[in-house]
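What follows is a single structure, written as structure tokens, with notes after it.
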Ligand SMILES: Cc1cc2nc3c(=O)[nH]c(=O)nc-3n(C[C@H](O)[C@H](O)[C@H](O)COP(=O)(O)O)c2cc1C
């Protein structure tokens, strides 16, 4: 069933992974703009295209980093986070965390070390550049579906040109800071950040790959 084009999509989907250790080299802005334009071809309900991006330069990203660290202490996302993860979702979440901690040598249950690894989110994993994705409050919650499709396209397009990425809901906890510091309008809800750059190939954080459920676990034939 493989066609050359399907093969290309499959190889990008299989190769993409979240990067949690970046080199300092910035991605040329024209490249990022092209990736955003490709992602902007995403379908959306009524073709509303309810995504807004704020792209930070290397300098702006470096200025934001210490402020994020500070803001992380008082989480205040625009869109509520899940109250809890239960059942299979809890298991998958734990397994992914376990893989990350194993990779970086954090013992399971060591709260201090795991919190330290979590805080790396607010250093943007040393990424040189950052995108903030937001959506009109008035179009929630369905606009999140459209934003998700946009995000998926962006991540695959980035993979195609060797740009490493990680979407970060953690950054949405710093919404008040992001609105204030980046002049993001209050009628937009911050969905997530996407740190980007080039992967540090030798970093243990980048050495593991997450699993996926089998088709039978989520595809039903009623
Ligand atoms: C919307 C969204 C938000 C995410 N937020 C975070 C985050 O805050 N911190 C983090 O380390 N990873 C975050 N991730 C990355 C996921 O943990 C990752 O996609 C998942 O474990 C699968 O791994 P993979 O991306 O390497 O395939 C996020 C992913 C998505 C799609």
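In the working numbering, the protein residues as written are 6 to 227. Ideal Cβ positions, reconstructed from N, Cα and C, are used throughout, including at glycine.
Give the straight-line distance between the Cα atoms of residue i and residue j, rounded to the nearest whole angstrom.
i, j, result
"residue 83", "residue 152", "15 Å"
"residue 9", "residue 60", "33 Å"
"residue 209", "residue 17", "22 Å"
"residue 3", "residue 46", "With the chain represented from 6 up to 227, any question about residue 3 goes unanswered, as that position is not in the structure."
"residue 51", "residue 144", "11 Å"
"residue 76", "residue 129", "13 Å"
"residue 134", "residue 109", "23 Å"
"residue 223", "residue 64", "43 Å"
"residue 36", "residue 169", "13 Å"
"residue 195", "residue 159", "17 Å"
"residue 192", "residue 146", "14 Å"
"residue 125", "residue 227", "44 Å"
"residue 106", "residue 206", "18 Å"
"residue 11", "residue 21", "15 Å"
"residue 131", "residue 117", "21 Å"
"residue 171", "residue 225", "30 Å"
"residue 73", "residue 88", "23 Å"
"residue 150", "residue 102", "25 Å"
Assign residue i to one of three DSSP states: helix, strand, or coil.
i, result
"residue 71", "helix"
"residue 141", "strand"
"residue 197", "strand"
"residue 78", "coil"
"residue 223", "helix"
"residue 16", "helix"
"residue 66", "helix"
"residue 204", "strand"
"residue 60", "strand"
Within the present structure, is the beta-carbon of residue i separated from the nearest heavy atom of ligand 1 by less than 7 Å?
i, result
"residue 171", "yes"
"residue 77", "no"
"residue 5", "Nothing can be reported for residue 5: it is not among the residues displayed for the chain, which extend from 6 to 227."
"residue 215", "yes"
"residue 194", "no"
"residue 200", "no"
"residue 252", "Given a span of 6 to 227 for the chain in the structure shown, any question on residue 252 remains unanswerable."
"residue 197", "yes"
"residue 225", "no"
"residue 148", "no"
"residue 23", "yes"
"residue 52", "no"
"residue 208", "no"
"residue 126", "yes"
"residue 162", "no"
"residue 212", "no"
"residue 165", "no"
For residue i, verify whether its CB is less than 7 Å away from any heavy atom of ligand 2.
i, result
"residue 18", "The model depicted lacks ligand 2 and carries ligand 1 instead."
Query raised in the report: If you pair each beta-carbon of the stretch 57 to 76 with each one of the stretch 138 to 155, do three or more pairs fall below 8 Å?
Result: Yes, the stretch 57 to 76 is in contact with the stretch 138 to 155.
Query raised in the report: Could you give the uninterrupted runs of the beta strand (DSSP E) lying entirely in the stretch 82 to 144, keeping only those of 3 residues or more?
Result: The qualifying runs are 134 to 141.
Query raised in the report: On the three-pair Cβ rule with 8 Å, is the stretch 196 to 205 touching the stretch 20 to 32?
Result: yes
Query raised in the report: Is there contact here, the stretch 62 to 81 with the stretch 176 to 185, by at least three beta-carbon pairs under 8 Å?
Result: yes
Report task. With a floor of 4 residues, list each alpha helix (DSSP H) that falls wholly inside the stretch 149 to 193, ordered by position along the chain. Result -> Complete alpha helix (DSSP H) runs here, min 4: 180 to 187.
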